[in-house]
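Just below is one structure, and these are the notes that go with it.
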Amino acid sequence: MANIATTLKFTIILSLLIIPLTLFPKLVSSTNDIENDDEDDEEYVVDTPLLLTSHKATSRFLSSIIIKKGAHCDVVTNNICNGIPANKGKGLLFCCKKHCRNVLSDRNNCGVCGHKCKVLGERCCNGVCTNVWYNDNHCGKCNNKCSNGDKCGNGFCGYA
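The sequence shown lines up with residues -30 to -1, 1 to 130 when you count with mature numbering (1 follows the signal peptide of the UniProt record, and there is no 0).
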């Protein structure tokens, strides 16, 4: 009888730990997720290809220049991402520590190279470290605006 009671207690405690994690996965994030959640896109299409005179980027079309996410760059010799707008204004590429970074969404290079969003719950939204847990215009992620009257709480619009 004591063995059944112990097993029952263990099952209840385990379920109390697992159920919140499955219902609210957004509230649980690892440090690896924070460090590697730079940009959503795997590549950048340069908005004005004529700005690049010397590049090693691949090209889908004659008029399009593609720069891969994290492409190698060197400020002195091979600066393929020297303040270049990309992805229809959603990206602004700079050479940060020898790699192309989108300073509008990279939380390790937010706004400028080397500026990190350090507070838990912050993301780099349009080049500014923004708390997406309580911001009605960036609720849960950048540019996710809550409906009129809804407030953002814990990254969810209308959270009560």
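Think of the CB as a built atom: it goes at the ideal place given N, C-alpha and C, for glycine as much as any other residue.
Quick caveat: nothing in here was measured; it's all calculated off a predicted structure.
Query: Determine the contact status of Val82 and Val73, defining contact as a CB-CB distance below 8 Å.; Result: yes
Query: So, helix, strand or coil for Ile(-27), using DSSP?; Result: helix
Query: Closer than 7 Å by C-beta to Arg30: which residues in its own chain qualify, once you throw out the five before and the five after it? Chain order, please.; Result: Any reading at Arg30 must be qualified, since the residue scores a pLDDT of 46, below 50, and its modelled position is unreliable; no value is offered.
Query: If you draw a straight line from the alpha carbon of Gly84 to that of Asp44, how long is it in whole angstroms?; Result: 16 Å
Query: Go through the stretch 55 to 81 residue by residue and report every complete run of the beta strand (DSSP E) that reaches 3 residues or more, in order.; Result: 61 to 66, 69 to 72
Query: Expressed to the nearest angstrom, what Euclidean distance is found between the alpha-carbon atoms of Arg93 and Asn48?; Result: 29 Å
Query: Does DSSP put Cys112 in a helix, in a strand, or in coil?; Result: coil
Query: Where DSSP assigns a beta bridge to Cys122, which residues make up the other side?; Result: Cys127
Query: Tell me the DSSP bridge mates of Cys94?; Result: Cys99
Query: Compute the Euclidean distance between the alpha carbons of His69 and Ala41, then round it to the nearest angstrom.; Result: 5 Å
Query: Name the DSSP beta bridge partners of Glu13, please?; Result: Lys38
Query: In three-state terms, what does DSSP make of Tyr104?; Result: coil
Query: Could you tell me how far apart the beta carbons of Lys86 and Asp106 are, in whole angstroms, since I believe they sit closer than 8 Å?; Result: Not really, about 24 Å apart at Cβ, beyond 8 Å.
Query: CB-CB under 8 Å to Glu13, same chain, minus the five flanking residues each way: which ones, in chain order?; Result: Ile36, Ile37, Lys38, Lys39
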